[in-house]
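*Asks:* In the working numbering, the protein residues as written are 642 to 968.
Using N, Cα and C, we set each Cβ at its ideal position, and we do this for glycine too.
None of these values were measured; they are calculated from a predicted model.
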């Protein structure tokens, strides 16, 4: 890992550990909300950025995780039983969603996942006996850990932060394993990957399944954070926003979800001084970013490096031409 990346991670870690006690409750809540989306978009980044699949159904898994934990806790089960069950359900549903990716790609796959998100959202809205419909489910408790209550905003923030760090470390290990190399090979050239003996079917399904697990865990954490859920946060629009977070941060960059989620969650809060115009300002900023940096914010160092190498190569060619002419 590059030194600048290590320094950036260390600076972020110190800031995230030391700053929250000095913030008001809403600031702590906002950081927790941001970390929840960091976890969700880590999964989407694996599916989209590393495996090269197009998915507009990530909010459905986010909602499945949230409703699983809410329904189980409502009938008396523990959060610690609901969390792995939410991840397990999302894993198998993710595998099922991956099957269209074996037959269609690009925009057609995006439409298939969009349809899946719409179908799941309709179940959440219409099956009131299970989900509460538009009335939702309230009084979702926060868990206790080793006898220590996580009910307070600061305690729950550190719990979400610890979960994000653990899941980030697991993904880092996954990406450095042969599985991670297979995912990037699948993204770069599926035909070449298959010729090298990579089972492209299995890795396509796994990319959806593992990405869905991250979204399911994030959804469970989201339900306990807000303590009330209803179908609105899990629409197709939410999936598009998550996709936007991945693209803005930089698809295929490990720290992309960290930066992209900050743009999608924290930046709109900073722009509220613009009042009714803040969404216009936010949307305009994103459009300009996509025009000038289509590979995301984290592509800036690579673009600078590529331009420097191009200038050096051009200077070397000129020098070689001049030397040849002198001869």
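Once DSSP output is grouped into helix, strand and coil, what is the label at residue 840?
*Replies:* coil
*Asks:* Could you give the distance in angstroms between the alpha-carbon of residue 651 and the alpha-carbon of residue 703?
*Replies:* 29 angstroms
*Asks:* Using a C-beta cutoff of 8 angstroms, does residue 937 count as contacting chain B?
*Replies:* This model lacks chain B altogether, as it is built from one protein chain only.
*Asks:* If you draw a straight line from the C-alpha of residue 879 to the C-alpha of residue 700, how long is it?
*Replies:* Going by C-alpha positions, residue 879 is about 6 angstroms away from residue 700.
*Asks:* Kindly indicate which residue of 871, 795, 890 has the alpha-carbon position closest to the one of residue 764.
*Replies:* 871
*Asks:* Please list the segments of the beta strand (DSSP E) lying wholly inside the stretch 705-783, counting only runs of 3 or more residues, in order along the chain.
*Replies:* none
*Asks:* Beta-carbon separation of residue 747 and residue 861 under 8 angstroms?
*Replies:* no
*Asks:* Who are residue 786's beta bridge partners in DSSP?
*Replies:* 789
*Asks:* Rounded to whole angstroms, how far is the Cβ of residue 858 from the Cβ of residue 730, which I believe are closer than 8 angstroms?
*Replies:* Not quite, the Cβ-Cβ distance comes to about 11 angstroms (not below 8 angstroms), so this is no contact.
*Asks:* Roughly how many angstroms lie between the CA atoms of residue 779 and residue 671, to the nearest whole one?
*Replies:* Their Cα atoms are separated by approximately 20 angstroms.
*Asks:* Which value, in whole angstroms, describes the spacing of the CA atoms of residue 821 and residue 918?
*Replies:* 42 angstroms
*Asks:* Any idea if residue 906 is buried or exposed, counting beta-carbon neighbours within 10 angstroms, 16 or more meaning buried?
*Replies:* buried
*Asks:* Of the residues 935, 713, 667, which one's Cα is nearest the Cα of residue 797?
*Replies:* 667
*Asks:* Could you have a look at residue 800 and say whether DSSP puts it in helix, strand or coil?
*Replies:* In this structure, residue 800 counts as helix in the three-state DSSP scheme.
*Asks:* Could you spell out the range, first to last residue, of the alpha helix (DSSP H) harbouring residue 820?
*Replies:* 819-829
*Asks:* Could you pull the start and end residues of the alpha helix (DSSP H) that residue 681 belongs to?
*Replies:* 666-685
*Asks:* DSSP state of residue 895, grouped into three classes?
*Replies:* coil
*Asks:* Using alpha carbons as the reference points, say which of 957, 868, 958, 927 lies closest to residue 793.
*Replies:* Of the candidates 957, 868, 958, 927, the residue whose Cα lies closest to the Cα of residue 793 is 868.
*Asks:* Assuming residue 906 is part of the alpha helix (DSSP H), what are its boundary residues?
*Replies:* Where residue 906 is concerned, there is no enclosing alpha helix (DSSP H), given that its DSSP letter is neither H nor E.
*Asks:* When the Cα of residue 759 is compared with those of 696, 673, 686, 647, which residue comes out closest?
*Replies:* 696
*Asks:* Looking at the strands, I want to know which residues DSSP matches up with residue 869.
*Replies:* DSSP output for residue 869 lists 779 as bridge partner(s).
*Asks:* Less than 8 angstroms between C-beta atoms, sequence neighbours within five positions excluded: which residues of the same chain meet that for residue 733?
*Replies:* Within the same chain, residue 733 has close Cβ partners 850.
*Asks:* What separation, rounded to the nearest whole angstrom, lies between the Cα atoms of residue 807 and residue 658?
*Replies:* If you take the alpha carbons of residue 807 and residue 658, they lie about 15 angstroms apart.
*Asks:* For residue 811, which residues in the same chain have their Cβ closer than 8 angstroms to its Cβ, ignoring the five residues on either side in sequence?
*Replies:* none
*Asks:* My output table needs one value for residue 950: the three-state DSSP class, helix, strand or coil.
*Replies:* helix
*Asks:* Kindly list the residues whose CB is nearer than 6 angstroms to the CB of residue 927, restricted to its own chain and excluding five residues on each side of it in sequence; keep chain order.
*Replies:* Sequence-distant partners of residue 927 (beyond 5 residues in either direction) whose C-beta falls short of 6 angstroms from its own C-beta are missing from its chain.
*Asks:* State the CB to CB distance for the pair residue 698 and residue 743, rounded to an integer number of angstroms; the pair is presumed to be in contact (CB under 8 angstroms).
*Replies:* That belief does not hold up - the Cβ atoms of residue 698 and residue 743 are roughly 16 angstroms apart, past 8 angstroms.
*Asks:* Taking only the alpha-carbon atoms, compute the straight-line gap between residue 897 and residue 826 and give it to the nearest angstrom.
*Replies:* Rounded to the nearest angstrom, the gap between the Cα atoms of residue 897 and residue 826 is 19 angstroms.
*Asks:* Which same chain residues end up closer than 7 angstroms to residue 828 when comparing Cβ atoms and leaving out the 5 residues on each side of it in sequence?
*Replies:* 691, 692, 693
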